[in-house]
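Q:
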Amino acid sequence: MRRSETWKASRRNVLKGAGVAAAGVSLLPAGIALAQGTAPSAAKGPKLLEMEGKAKLIVLGDKPLNAETPAEMTDDDVTPTDKFFIRNNGLVPDAPADAKAWKIKIDGEVDKPMDITLGNLMSRFPNVSYKMMLECGGNGRSFFSPEARGNQWTNGGAGCAEWTGVRLADVLKAAGVKPSAVYTGHYGADPHLSGDTSKPSISRGVPIAKAMEPHTLIVFKMNGKDLPLIHGGPVRLIVPGWAGSSSTKWLTRIWVRDKQHDGPGMGGFSYRLAKTPIVPGSKGDEKDTVILEAMPVRAVISFPADGAKLASKKLDLRGHAWAGENEVKTVDISTDYGVTWKPAKVDAPPNKYAWQRFTASVDLPSAGYYEVWAKATDSKGVTQPFVAGNWNPQGYGGNPINRIRVLIAS
Amino acid sequence: MTQLNITHVVVISLTAVFLLVALDRAGQLRGPQPTYTPPAAPAAAAPVAQIDPDKGKPPPHNDTVVDLPDGKGREVTFYTCTACHGVALIKAQGLTRDLWDSTFDLMLERHKMAPVKPEERAEILDYLAEQFPPRRKGRGGDNPFLK
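In order, the protein sequences belong to chains A and B. For reference, each letter of the first sequence is one residue, going 51 to 460 in the numbering used here. For reference, each letter of the second sequence is one residue, going 413 to 559 in the numbering used here.
#1: For B:K467, would you say it is in contact with chain A, using Cβ-to-Cβ distances shorter than 8 Å as the test?
#2: Could you tell me the alpha carbon to alpha carbon distance between A:Q86 and B:D479, rounded to whole angstroms?
#3: Does B:D482 have its Cβ less than 8 Å from a Cβ in chain A?
#4: State the DSSP-derived secondary structure class of B:H420, mapped to helix, strand or coil.
#5: Starting from B:F490, trace the alpha helix (DSSP H) both ways and give me its first and last residue.
#6: Check whether the Cβ atoms of A:I351 and A:A208 sit closer than 8 Å, and answer yes or no.
#7: Verify whether the separation of the beta carbon atoms of A:K260 and A:V289 is less than 8 Å.
#8: Is the CB of A:S230 under 8 Å away from at least one CB in chain B?
#9: Would a C-beta distance cut-off of 8 Å place A:R348 and A:W372 closer than the cut-off?
#10: Check distances from the C-beta atoms of the stretch 132 to 155 of chain A to those of chain B and list, in chain order, the residues that come in under 7 Å.
#11: Helix, strand or coil: which one does DSSP assign to B:Y539?
#12: Short of 7 Å Cβ to Cβ, which residues in the stretch 322 to 344 of chain A face chain B?
#13: Taking only the alpha-carbon atoms, compute the straight-line gap between A:D428 and A:R199 and give it to the nearest angstrom.
#14: Assess, as a yes-or-no matter, whether the stretch 266 to 286 of chain A is touched by the stretch 404 to 421 of chain A under the definition of 3 or more beta carbon pairs within less than 8 Å.
#15: Could you have a look at A:N376 and say whether DSSP puts it in helix, strand or coil?
#16: Under a three-way DSSP split, which group does A:S429 fall into?
#17: A:A117 by DSSP, collapsed to three states: which one?
#18: Quick one: grab the DSSP three-state call for B:F400.
#19: Taking buried to mean at least 16 other C-beta atoms within 10 Å of its own C-beta, is A:Q444 buried or exposed?
#20: Our contact map puts A:M345 next to A:W292 with C-beta atoms below 8 Å; I'd like the distance itself, whole angstroms only.
#21: Report yes or no: is there a C-beta of chain B within less than 8 Å of the C-beta of A:I108?
#22: Is B:P546 helix, strand or coil by DSSP?
#23: What residue range is occupied by the uninterrupted beta strand (DSSP E) comprising A:F353?
#24: Just verifying my parser: in three-state terms, what is the DSSP assignment at A:R137?
#25: Residues in the same chain with beta-carbon distance under 7 Å from A:G81, minus the five sequence neighbours each way, listed in chain order, please.
#26: What did DSSP end up calling A:V437 once you bin it into helix, strand or coil?
#27: Take A:Q310 and list the residues in its own chain whose beta-carbon comes closer than 6 Å to its own, dropping the five residues that flank it on each side.
#28: Spell out the partners DSSP gives A:D276 in its beta bridges.
#29: Taking 8 Å as the cut-off, decide whether the C-beta atoms of A:H242 and B:K524 are in contact.
#30: Identify which residue in A:L457, A:D157, A:T433 has its Cα closest to the Cα of A:V227.
#31: Please confirm whether A:K364 has its beta-carbon closer than 8 Å to some beta-carbon of chain B.
#32: Could you tell me whether the Cβ of B:C493 comes closer than 8 Å to any Cβ of chain A?
#33: Could you please give the first and the last residue of the uninterrupted beta strand (DSSP E) stretch that includes A:I108?
#34: For A:H265 and A:Y180, what's the separation of their Cα atoms in angstroms?
#35: Kindly indicate if chain B contains any beta-carbon less than 8 Å away from that of A:G187.
#36: Name, please, each residue of chain B whose Cβ falls closer than 7 Å to the Cβ of A:L115.
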């Protein structure tokens, strides 16, 4: 109860704080000019998603549709489906007439290649549910300076939903993985943006060990309901903690490879980090890169909102933190630009790959403008940098310390 | 006196039965009757059998050339790029001409953009570099090693 009350209070405060940047969002469609005299901040707001079954996410691009969850909309313990971010590489395929007849092919380095329907998959293998992170590989790209290429995600290309499916390991074991298996190659039904159906829009994969990890699932339910089409329904992969592009939507095929997969999205600078550090803004060398696998450690404050105008000097804040393959051990809070830090309370995750709740209470010395910073450190002692470092042309791995701006009324 | 014969008995009995059945509006004297089922409509006309393949898809989106800022090369840039993606993706970028140039290669190689004539490529790159240069200043924006 307390949480929802303060949330509402915060919303009101946010609306009052018209002069504070980033919180004001335009409800007008893009391109509609505002009459003179209207607050200039209102005209600069991002475009908000208008789609049945989805909340008003921030639209990064309409074609393909990509939309992120604003930080203040990530406050739920488990991300509701309507608030979950949307990432597409190609076009959204047609909804199938009969979801259970959807076919998935398992082939390549297996003893018994199979074509299995979703209906058979659901009944043949044990069904499991976990709360797990799905995060766009480019999450945090907007923090790079100068700009890196691609959709300019802040921290909103991430969510923690409850996924239900069967273990990819169970399916691969049934097909009999040969000793020659090294990597997987995943294919989905999404058509390429150009309409050319001869090549997939994207096809990424993971090392066989990650494919066999018991949390890597072929998923058909999201938060207890049939997986919606926009999130890859009727069936997708969830490769938790890793760059989301390997969690193939509208899954049609797992090709077990005897070498690293080479589908579109595996080469060039796609989902790759610079091995030798390069000058920010330079072209770099495609050959001197490593594949982005697990996502980096990150904390995001979900309350209060960036730009909130608050009445009290006592600030109760909260958010979530996660760390790819690892667990978050500590989250530290600073309200003086990193001069001093105070530990937040960090909850244990409900299962591996789930995000973790952090809460903190800080007493600000006076009214006025403050930045609140949150920094997570994982079980290996790896923490977040002050700025997005290791610049790379397509902007992966941007996880600087989270910052929100608040104004305390005098 | 007319004698009652078997014919009279049969006629009277049958008449009584017919009358009773005809007056039995509650149907209690009759056995269970099959209920009326209308003939099934032809499959093509039955809406329940159809799934809208577009249900759950994002709303359609179309940009126009004026969604890009005015400048030399706007038209060719618009029609080349929006064959696949929206203008929002272009406008979100802030790249040097060098990085726009490698973006062009990425679109050709990775994203299967249709081949573009060299003079058109130059015009598009000039437009993109002028309209969408790096905007974030500070670290990197004025990097000494980029001169």
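We treat Cβ as the ideally placed atom computed from N, Cα and C, and that holds for glycine. Please read all numbers here as calculations on a predicted model, not as lab measurements.
A: By the coordinates alone:
#1: Yes, B:K467 lies at the interface with chain A (some Cβ there is under 8 Å from its Cβ).
#2: Residue confidence for A:Q86 is low, a pLDDT of 33 falling below 50, so the modelled location carries little weight and cannot support an answer.
#3: Chain A, which has no Cβ nearer than 8 Å to the Cβ of B:D482, makes this no.
#4: In the three-state DSSP reduction, B:H420 falls in the helix class (H, G or I).
#5: Looking at the DSSP string, the run of the alpha helix (DSSP H) that includes B:F490 is 486 to 493.
#6: No. Outside cutoff.
#7: Against a cut-off of 8 Å, the Cβ pair of A:V289 and A:K260 comes out as a contact.
#8: No, no contact with chain B.
#9: Closer than 8 Å, so yes.
#10: Going along the stretch 132 to 155 of chain A in chain order, one finds V142, D144, A145, A147 with a Cβ nearer than 7 Å to chain B.
#11: The answer is helix: DSSP assigns B:Y539 an H, G or I state.
#12: Along the stretch 322 to 344 of chain A, the positions whose C-beta sits under 7 Å from a C-beta of chain B are V329, P330, G331, S332, K333, read in chain order.
#13: Rounded to whole angstroms, A:D428 to A:R199 spans 28 Å at the Cα level.
#14: No: fewer than three Cβ pairs fall under 8 Å.
#15: Strand.
#16: Shown here, A:S429 sits in coil according to DSSP, grouped into three states, outside any helix or strand.
#17: In the structure shown, A:A117 falls within a strand segment according to DSSP collapsed to helix, strand and coil.
#18: The shown model of chain B, from 413 to 559, leaves out residue 400 of chain B, and the question about it has no answer.
#19: Sixteen is the threshold: when 16 or more other Cβ atoms of the shown chains lie within 10 Å of the Cβ of A:Q444, as they do, the residue is buried.
#20: With a beta-carbon spacing of about 7 Å, A:M345 and A:W292 fall inside the 8 Å limit used to define contacts.
#21: By this cut-off, A:I108 is not an interface position.
#22: Coil at B:P546, not helix or strand.
#23: Note, A:F353: beta strand (DSSP E), 348 to 353.
#24: When DSSP states are grouped into helix, strand and coil, A:R137 belongs to the coil group.
#25: Residue confidence is low: A:G81 scores 33 on pLDDT, short of 50, so the model does not pin down where it sits. Its coordinate-derived value is still stated next. Sequence-distant Cβ neighbours of A:G81 in its own chain, meaning closer than 7 Å and more than five residues away, do not exist here.
#26: In the structure shown, A:V437 sits in coil (DSSP, three-state: anything other than H, G, I, E or B).
#27: The residues are Y233.
#28: In the DSSP assignment, A:D276 forms a beta bridge with A:K271.
#29: Yes; because the gap between Cβ atoms is below 8 Å, this pair is in contact.
#30: Comparing C-alpha distances from A:V227 to each of A:L457, A:D157, A:T433 shows the shortest one belongs to A:D157.
#31: Not closer than 8 Å to any Cβ of chain B, the Cβ of A:K364 fails to qualify, so no.
#32: Not closer than 8 Å to any Cβ of chain A, the Cβ of B:C493 fails to qualify, so no.
#33: Unbroken beta strand (DSSP E) run through A:I108: 108 to 112.
#34: Taking the straight line from one Cα to the other gives about 8 Å.
#35: Taking Cβ atoms only, chain B never reaches closer than 8 Å to A:G187, which makes this a no.
#36: Simply P470.
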